[in-house]
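J.: Line by line, the protein sequences give chains Y and S. Just so you know, we're using our numbering here: the first sequence kicks off at 14 and counts up by one. Just so you know, we're using our numbering here: the second sequence kicks off at 264 and counts up by one. Note that the Cβ used here is the ideal one computed from N, Cα and C, for glycine as well. Values in this document were obtained by computation on a predicted structure and should not be read as measured data.
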Amino acid sequence: MSAPVRPLPAPGVPVAGAPALDCGGLSVAYERREVLADVDLSVAPGTWCSIVGPNGAGKTTLLHAVAGLVRSSGAIRFGGDDAGSLRPRDRARRVALVPQVPVVPTGISVLEYVFLGRTPHLSFFASEGPDDRDVVAEALAALDLEPFAERAVDTLSGGERQRVVIARALAQRAGLLLLDEPTTALDIAHQQQVLDLIDKLRRARGLTIVATMHDLTVAGLYTDQLVLLAEGQIVERGSPSEVLTESNIARHYGAQVTVLPSASGPIVVPLRLVVEGDAP
Amino acid sequence: MGDQRVSRHQARWVGAGMLAVVVALVLGVSIGAVGIPPGRTLLELLDRLPFVHIDSGLSDRQAAIVWDLRMPRVLVALLVGSMLAVAGASYQGVFRNPLADPYLLGAAAGAGLGATLLIVAGARASGGLLDPVPLAAFVGALGAVAAAYALGAAGQGGRATATLVLAGVAVASFLTAAQTFIQQRNAESIREIYSWILGRLGTATWHEVALLVPYWLVTMAVLVVHGRSLDVLAVGDAEATSLGLATSRVRVIIVVAASLATAAAVAATGLIGFVGIVVPHAIRLGAGSSFRRLLPLCVLFGGAFLVLADLVARTAAAPSEIPIGVVTAFVGAPFFIIVLRTTRVSIR
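1. Please decide whether T132(Y) counts as near chain S, where near means a Cβ-Cβ distance under 7 Å.
2. Could you tell me whether any Cβ in chain Y is nearer than 7 Å to the Cβ of S270(S)?
3. Does P313(S) pass the burial test, meaning 16 or more other C-beta atoms within 10 Å, or should it be called exposed?
4. Quickly, what does DSSP pair W479(S) with across the bridge? List them, please.
5. Can you list the beta strand (DSSP E) stretches of 3 or more residues lying completely in the segment 208–281 of chain Y, in chain order?
6. At least one CB of chain Y closer than 7 Å to the CB of T504(S): is that the case?
7. Using three-state DSSP, classify G38(Y) as helix, strand or coil.
8. Any idea which residues DSSP pairs D94(Y) with across the strands?
9. Out of L368(S), G295(S) and L376(S), state which residue places its alpha-carbon closest to the alpha-carbon of V529(S).
10. The alpha helix (DSSP H) that contains A109(Y), what's its start and end?
11. Could you tell me the alpha carbon to alpha carbon distance between G420(S) and G245(Y), rounded to whole angstroms?
12. Which residues, taken in chain order from the segment 487–501 of chain S, show a beta carbon closer than 8 Å to some beta carbon of chain C?
13. Mind checking A521(S): buried by the 16 CB within 10 Å criterion, or exposed?
14. Between the segment 237–266 of chain Y and chain S, which residues of the former have CB atoms less than 9 Å from a CB of the latter, in chain order?
15. What are the boundary residues of the beta strand (DSSP E) that V56(Y) is part of?
16. In three-state terms, what does DSSP make of P115(Y)?
17. In three-state DSSP terms, what is L617(S)?
18. Quick one, which residues of the segment 344–377 of chain S are near chain Y if we go by CB-CB under 8 Å, in chain order?
19. Leaving aside the five residues before and after P67(Y) along the sequence, list all residues of the same chain whose C-beta is less than 7 Å from its C-beta, in chain order.
20. Give the straight-line distance between the Cα atoms of Q430(S) and R45(Y), rounded to the nearest whole angstrom.
21. For L381(S), go through chain Y and note every residue whose CB falls closer than 7 Å to its CB, in chain order.
22. Within 7 Å of any Cβ in chain S, is that where the Cβ of A80(Y) sits?
23. On the premise that L34(Y) lies in contact with T221(Y), defined as a C-beta separation below 8 Å, what is that separation, rounded to the nearest angstrom?
24. What's the call for P112(Y), buried or exposed, on a 16-neighbour Cβ count within 10 Å?
25. Suppose contacts are defined by Cβ-Cβ distances below 7 Å. Is S40(Y) in contact with S86(Y) by that definition?
26. Under 8 Å between beta-carbons, which chain Y residues line up against L558(S)? List them in chain order, please.
27. By Cβ distance, which residues of its chain are closer than 8 Å to W330(S), with the 5 residues on each side in sequence left out?
28. Can you give, in chain order, each stretch of the alpha helix (DSSP H) that sits fully within the segment 144–193 of chain Y and has at least 4 residues?
29. Is the beta carbon of G369(S) sitting closer than 7 Å to the one on A407(S)?
30. Have a look at V177(Y) and G219(Y) and give me their C-alpha separation to the nearest angstrom.
31. Do G69(Y) and L49(Y) come within 7 Å of each other at the CB atom, strictly closer than that value?
32. Would the beta-carbon of I64(Y) fall within 7 Å of that of V240(Y)?
33. With 7 Å set as the bound, which would you pick, yes or no: does the beta-carbon of G421(S) sit closer than that to a beta-carbon of chain Y?
34. Just to confirm, are P283(Y) and V272(Y) a CB contact at a threshold of 7 Å?
35. On the DSSP bridge list, what partners appear for V277(S)?
36. On the three-state DSSP scale, how would you describe I546(S)?
What follows is the structure, encoded as structure tokens:
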């Protein structure tokens, strides 16, 4: 099912044009149960890779393995550098995670929260300097959060809060941004706003985006490479129109859908399983 | 971006904390069976500063009361108060639990058991870093926290906060029971242990001050410089790791330092409750809950709080003394309930 393992370059040798993220044979097991099995994934710099799959397929685990939050076997490389050789701080300078349900400390202000993104750039005894303030100010500006700087994060709306979390990730100044279902809690307008904003930032800053997505149609809209994960393995990958087919979705989600082609990508529409008139 | 406003705000709080320490020191030294005018106490204290020579006008007897009796007692209260307050705030941060303090997690009970074993064995405090009583208390405190942590982790896959708290309570109960048992088996030292359980400052001498100072310096320095790490830990282990924090290592360092502070405090003055909860929460209400700002303030206000509590313990029922643990509980328990009921207890 998975692609053949490509030989990876020797560790420690920077490779020109190396993928921003390169996973080879990546596996994660929780208490002997394998939740991610032999995943090979390569994401070119400056591109957007969306990961879809049914609940429990291992999407979040994949992001957490890349961010170094769970123990994994296999290889992970950032721009050709072996992730295993990076200290936590150095890893956090290269990969930033926007978690699905961020833990927001009570009463913390937007400014303080975004400053947390500077953590990997501060040595132990140092406090934030002018450079850090500039980076934070710029992250706030990029997400139109300046009017909120002094507000408590836990008093903001869902869309505003999501922008604050993205601002914290931007303040990390990492080239690779991992987004775990960034729009699940948002209404359709805010989904559109947040994803457009992320895409704008990607283009402007050359960020590489790896995002797990709940909504298949939306996932197809914002992606260069779509990956379908099922039972811990990559089962399909390619362009949205290659991956989002009625047969793929039936096989891996067990869902009956109609896929409508459109100018902006395939539109996935679920069908009612019991149609009126079917009832006995 | 408001940084300057924040640092001015913090500077005011630090100033207030220093003032509180000086006021508590002067009152603690001045008030007692033999009253000494606070103004003269202040002059007497200033006279001891390097390069300052002031005649305070105290008689030799008054000076002896100040320097031999009251000053060591006040200083011990100051040191123990800061250690308990900072240890409480640090436990609250590292376990992300507003109710954490040296008593939860069994740290104080473990320290108590360790120290009781040595008292029963006939050891006496000798002062310095190699004094056996604080070391035994430290071993007991760390053992208790480790047991609570291990039991809490065994209960669930992760170290869920609630599980950890329950494990800590169980460990504390068990250790207290063991301590009571040992106490009952050693009736000849029961009076000494009992007065020690309720907390005692009455016997404090320069000897206890010398015993505490190295522990105070080390633990306060380690915990205060970890303020930013505690602020990062407030977003949870997973996110803190993704921000580049070595969470496991930071957690161990903070727990060890907080347990060492607890152990030294317990070894010197017995079990004094509520300081680790009252002081940090009271400061959070006014100064905000960032640990970087909170911990230095806990050093100052924790010390001042315990000096004043000891003043009440000495004077409220004079000529007899109320155990200081009773005073802190009288102040602390109602305060704690008010805090719980009127505010969202915020931890970060």
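T.: In brief:
1. Against the first sequence, residue 132(Y) aligns to sequence position 119. For T132(Y), the nearest CB of chain S lies under 7 Å from its own CB, placing it at the interface with that chain.
2. Residue numbering aside, residue 270(S) sits at position 7 when the second sequence is read from its first letter. No, because no Cβ of chain Y sits closer than 7 Å to the Cβ of S270(S).
3. The residue you call residue 313(S) lines up with position 50 of the second sequence. P313(S) is exposed by the Cβ-count criterion.
4. Here residue 479(S) refers to the residue found at position 216 of the second sequence. Paired residue(s): none; W479(S) is not in a bridge.
5. 221–225, 238–243, 246–251 and 270–273
6. Along the second sequence, read from residue 1 onward, the residue named residue 504(S) stands at position 241. Chain Y, which has a Cβ nearer than 7 Å to the Cβ of T504(S), makes this yes.
7. In the first sequence, residue 38(Y) corresponds to position 25, counting from 1. Correct three-state label for G38(Y): strand.
8. Locating residue 94(Y) in the first sequence gives position 81, where the first residue counts as 1. Answer is F91(Y), bridged to D94(Y).
9. Here residue 529(S) refers to the residue found at position 266 of the second sequence. Across the set L368(S), G295(S) and L376(S), the C-alpha of L376(S) shows the shortest separation from the C-alpha of V529(S).
10. To locate residue 109(Y), count along the first sequence from 1; it is residue 96. Looking at the DSSP string, A109(Y) is not in any alpha helix (DSSP H); the run it does join, the beta strand (DSSP E), is V108 to V111.
11. Translated into the one-based positions of the second sequence, residue 420(S) becomes position 157. Translated into the one-based positions of the first sequence, residue 245(Y) becomes position 232. Interpretation of G420(S) is limited by its pLDDT of 43, a score under 50 that renders its predicted location unreliable; the figure taken from the coordinates is listed afterwards. For G420(S) and G245(Y), the distance between alpha carbons rounds to 21 Å.
12. Looking at the structure shown, chain C is missing, and the protein chains on hand are Y and S.
13. The sequence position of residue 521(S) within the second sequence is 258, counting from 1. The residue in question, A521(S), is buried, as its Cβ has 16 or more Cβ neighbours within 10 Å.
14. none
15. The residue you call residue 56(Y) lines up with position 43 of the first sequence. Start and end: R46 to V56.
16. The residue given as residue 115(Y) occupies position 102 in the first sequence. In the structure shown, P115(Y) sits in coil (DSSP, three-state: anything other than H, G, I, E or B).
17. With chain S represented from 264 up to 611, any question about residue 617(S) goes unanswered, as that position is not in the structure.
18. none
19. The residue you call residue 67(Y) lines up with position 54 of the first sequence. Answer for P67(Y): A243, H265 and Y266, listed in chain order.
20. Here residue 430(S) refers to the residue found at position 167 of the second sequence. Here residue 45(Y) refers to the residue found at position 32 of the first sequence. Gln is not the amino acid found at residue 430(S); the sequence shown has Ala there. The alpha-carbon atoms of A430(S) and R45(Y) are separated by roughly 27 Å.
21. Taking the second sequence and counting its residues from 1, the one referred to as residue 381(S) is at position 118. What L381(S) touches in chain Y: nothing, since even the nearest Cβ is about 36 Å away.
22. Residue numbering aside, residue 80(Y) sits at position 67 when the first sequence is read from its first letter. At least one chain S Cβ lies under 7 Å of A80(Y).
23. Numbered from its first residue, the first sequence carries residue 221(Y) at position 208. Numbered from its first residue, the first sequence carries residue 34(Y) at position 21. About 7 Å separates the two Cβ atoms, so the contact holds.
24. Residue 112(Y) sits at position 99 when you count from the first residue of the first sequence. Buried: at least 16 other Cβ atoms inside 10 Å.
25. Taking the first residue of the first sequence as 1, we reach residue 40(Y) at position 27. Taking the first residue of the first sequence as 1, we reach residue 86(Y) at position 73. Result yes, Cβ atoms of S40(Y) and S86(Y) sit closer than 7 Å.
26. On the second sequence, residue 558(S) is found 295 positions in, with the first residue counted as 1. Ordered by position in chain Y, no residue passes the 8 Å Cβ test against L558(S), which lies about 14 Å from the chain.
27. Here residue 330(S) refers to the residue found at position 67 when the second sequence is read from its first residue. Same-chain partners within the cutoff: there are none.
28. 171–184
29. Looking up residue 369(S) in the second sequence gives position 106. Looking up residue 407(S) in the second sequence gives position 144. Result yes, Cβ atoms of G369(S) and A407(S) sit closer than 7 Å.
30. Mapped onto the first sequence, residue 177(Y) falls at position 164. Mapped onto the first sequence, residue 219(Y) falls at position 206. Spanning the two alpha carbons is a distance of roughly 20 Å.
31. On the first sequence, residue 49(Y) is found 36 positions in, with the first residue counted as 1. On the first sequence, residue 69(Y) is found 56 positions in, with the first residue counted as 1. No.
32. Looking up residue 64(Y) in the first sequence gives position 51. Looking up residue 240(Y) in the first sequence gives position 227. Cβ distance < 7 Å, so I64(Y) and V240(Y) count as in contact.
33. By 1-based counting over the second sequence, the position of residue 421(S) is 158. Note that G421(S) scores 45 on pLDDT, short of 50, meaning its location in the model is unreliable; the coordinates nonetheless yield the value given after this. With 7 Å as the cut-off, G421(S) does not count as an interface residue toward chain Y.
34. The sequence position of residue 283(Y) within the first sequence is 270, counting from 1. The sequence position of residue 272(Y) within the first sequence is 259, counting from 1. Taking C-beta atoms as the reference points, P283(Y) and V272(Y) fail to come closer than 7 Å.
35. Here residue 277(S) is taken as the residue at index 14 of the second sequence, counted from 1. V277(S) pairs with nothing; no bridge assigned.
36. As a first step, residue 546(S) is located in the second sequence; it is residue number 283 there, counting from the start. Here I546(S) sits in helix by DSSP.
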